[in-house]
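A.B. asks:
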Amino acid sequence: MNTNIRFNDLIAEENPIAQKAIARLPEDESYARNFRIITAHQCALSHQLLPANKVVKPEEDTHYLIPYLLEAEKEALEKKELDNIQI
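Counted from 1, the sequence shown has number 46 at position 46 by full-length UniProt numbering; the numbering is strictly sequential.
1) Shortest alpha-carbon distance to Lys74 belongs to which of Asn8, Ala18, Arg6, Asp9?
2) Leaving aside the five residues before and after Arg24 along the sequence, list all residues of the same chain whose C-beta is less than 8 Å from its C-beta, in chain order.
3) Between Ile87, Thr3, Asn2, Tyr64, which lies nearest to Glu29 when the distance is taken from Cα to Cα?
4) So what's Thr62 in DSSP terms, helix, strand or just coil?
5) Quick one: complete beta strand (DSSP E) runs, 3+ long, within the segment 16-53?
6) Check whether the Cβ atoms of Lys54 and Asn4 sit closer than 8 Å, and answer yes or no.
7) Is the Cβ-Cβ distance between Asn2 and Leu45 less than 8 Å?
Pasting the structure below:
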């Protein structure tokens, strides 16, 4: 498939934990993510594929969002535990 999408770009943003993780991305990574998503939508709408030199190669597809997701999930779990603490 000739797209410029990385695996982590496909994570749904509607999830509050995903929103928090995306908000924590460095500015350059956030910009690159948005650019990849917009480019993929544009390719889909115009029924065109990207040139081979612009496609993300498997070795370039890093899980850039996973550490932020795990951190946000851990914080949400900790908050839930603290909110339900019995004294």
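Don't be surprised by glycine CBs; every beta carbon is placed ideally from N, CA and C.
Note that this is a predicted model, so its numbers are computed, not measured.
C.D. replies: Taking the definition as stated:
1) Ala18
2) Tyr68, Glu71, Ala72
3) Tyr64
4) coil
5) none
6) yes
7) no
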